[in-house]
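J.: FYI, in our numbering the residues of the sequence shown are 22 to 120.
Ideal placement from N, C-alpha and C gives every residue a C-beta, glycine not left out.
These figures come from a predicted structure and were not determined experimentally.
Supplied in C-alpha coordinates, the structure appears directly below.
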Amino acid sequence: MWSVRAVDLSPSNIGQKRFGVLVEDGRIPETSQSLCRLADLVLCTGSTVCNGSIVDFLPFKDKILFYGTTLAGAAPLMGLPRLCFADRYQDSFLQNTSA
(Lines of atoms letter the chains of each structure in order from A and count residues from 1; the text may use other names and numbers.)
(Lines give C-alpha, C1' and ligand atoms only; values in the text may rest on other atoms or scores of the structure.)
Protein backbone atom coordinates (compact mmCIF):
# COMPACT_ATOMS: atom_id res chain seq x y z
CA MET A 1 0.00 0.00 0.00
CA TRP A 2 1.33 3.41 -0.95
CA SER A 3 0.57 6.60 0.87
CA VAL A 4 -0.56 9.54 -1.23
CA ARG A 5 0.13 13.16 -0.36
CA ALA A 6 -0.95 16.26 -2.27
CA VAL A 7 -0.14 19.96 -2.33
CA ASP A 8 -2.00 22.80 -4.01
CA LEU A 9 -1.64 26.56 -4.28
CA SER A 10 -5.36 27.29 -4.14
CA PRO A 11 -6.62 28.36 -0.70
CA SER A 12 -9.97 26.74 -1.53
CA ASN A 13 -8.27 23.33 -1.79
CA ILE A 14 -5.71 23.61 1.01
CA GLY A 15 -6.88 21.81 4.13
CA GLN A 16 -9.62 19.96 2.25
CA LYS A 17 -9.76 16.23 1.70
CA ARG A 18 -9.92 15.18 -1.94
CA PHE A 19 -10.62 11.50 -2.52
CA GLY A 20 -9.47 10.80 1.03
CA VAL A 21 -6.21 12.75 0.66
CA LEU A 22 -5.56 15.89 2.70
CA VAL A 23 -4.41 18.72 0.44
CA GLU A 24 -1.41 20.47 1.99
CA ASP A 25 -0.23 24.04 1.45
CA GLY A 26 1.92 24.16 -1.67
CA ARG A 27 2.46 27.90 -1.23
CA ILE A 28 5.15 26.97 1.29
CA PRO A 29 8.12 25.71 -0.77
CA GLU A 30 9.45 23.68 2.15
CA THR A 31 6.21 21.67 2.24
CA SER A 32 6.48 20.63 -1.40
CA GLN A 33 10.20 19.97 -1.09
CA SER A 34 9.87 17.82 2.03
CA LEU A 35 7.12 15.76 0.38
CA CYS A 36 9.27 15.30 -2.72
CA ARG A 37 12.24 14.17 -0.65
CA LEU A 38 10.10 11.45 0.95
CA ALA A 39 8.37 10.37 -2.26
CA ASP A 40 9.22 7.49 -4.55
CA LEU A 41 7.28 9.17 -7.36
CA VAL A 42 6.10 12.76 -7.80
CA LEU A 43 3.29 13.59 -10.24
CA CYS A 44 3.37 17.29 -10.97
CA THR A 45 1.08 19.41 -13.10
CA GLY A 46 2.63 21.31 -15.96
CA SER A 47 0.99 24.52 -14.75
CA THR A 48 3.90 24.83 -12.32
CA VAL A 49 5.82 26.35 -15.24
CA CYS A 50 3.22 29.15 -15.46
CA ASN A 51 2.93 29.94 -11.76
CA GLY A 52 6.67 29.73 -11.13
CA SER A 53 6.54 26.93 -8.59
CA ILE A 54 8.36 24.59 -10.99
CA VAL A 55 11.65 25.70 -9.41
CA ASP A 56 10.60 23.94 -6.20
CA PHE A 57 10.34 20.64 -8.08
CA LEU A 58 13.36 20.75 -10.41
CA PRO A 59 15.78 19.34 -7.80
CA PHE A 60 13.68 16.15 -7.83
CA LYS A 61 13.86 15.60 -11.59
CA ASP A 62 14.95 11.98 -11.12
CA LYS A 63 11.63 10.99 -9.53
CA ILE A 64 9.16 13.42 -11.06
CA LEU A 65 6.72 13.05 -13.93
CA PHE A 66 5.00 16.14 -15.25
CA TYR A 67 1.57 15.89 -16.86
CA GLY A 68 -0.80 18.18 -18.68
CA THR A 69 -0.68 20.28 -21.81
CA THR A 70 0.70 23.42 -20.20
CA LEU A 71 4.23 22.03 -20.16
CA ALA A 72 3.99 20.29 -23.55
CA GLY A 73 6.32 22.70 -25.33
CA ALA A 74 8.67 23.50 -22.47
CA ALA A 75 9.22 19.92 -21.25
CA PRO A 76 11.39 18.77 -24.16
CA LEU A 77 13.28 22.08 -24.17
CA MET A 78 13.97 21.77 -20.44
CA GLY A 79 14.68 18.04 -20.57
CA LEU A 80 11.78 17.25 -18.25
CA PRO A 81 9.91 13.94 -18.27
CA ARG A 82 6.26 14.34 -19.24
CA LEU A 83 3.31 11.97 -19.36
CA CYS A 84 0.96 12.39 -22.29
CA PHE A 85 -2.05 10.27 -23.08
CA ALA A 86 -3.30 12.36 -26.01
CA ASP A 87 -2.53 9.64 -28.55
CA ARG A 88 -4.98 7.32 -26.81
CA TYR A 89 -7.78 9.85 -27.09
CA GLN A 90 -6.82 11.20 -30.50
CA ASP A 91 -7.07 7.76 -32.15
CA SER A 92 -10.53 7.10 -30.74
CA PHE A 93 -11.62 10.64 -31.62
CA LEU A 94 -10.50 10.20 -35.22
CA GLN A 95 -12.26 6.84 -35.46
CA ASN A 96 -15.50 8.32 -34.13
CA THR A 97 -15.43 11.32 -36.48
CA SER A 98 -14.42 9.58 -39.70
CA ALA A 99 -17.13 9.27 -42.33
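Using the Cβ count rule (16 or more neighbours within 10 Å means buried), how would you classify residue 71?
T.: Here residue 71 is taken as the residue at index 50 of the sequence shown, counted from 1. The C-beta of residue 71 has fewer than 16 other C-beta atoms within 10 Å across all chains shown, which makes the residue exposed.
J.: Just reading off the alpha helix (DSSP H) that residue 87 is part of, what are its end residues?
T.: Taking the first residue of the sequence shown as position 1, residue 87 is located at position 66. Careful: residue 87 lies outside any alpha helix (DSSP H), inside the beta strand (DSSP E) at 85-88.
J.: Does DSSP put residue 58 in a helix, in a strand, or in coil?
T.: The residue given as residue 58 occupies position 37 in the sequence shown. Helix.
J.: Thinking C-alpha only, which one of 31, 101, 107 and 85 is nearest residue 56?
T.: By one-based count along the sequence shown, residue 56 stands at place 35. Comparing alpha-carbon positions, the option among 31, 101, 107 and 85 lying closest to residue 56 turns out to be 85.
J.: I'd like to know if the region 50-70 and the region 79-93 are in contact, where contact means that at least 3 CB-CB pairs between them fall below 8 Å.
T.: yes
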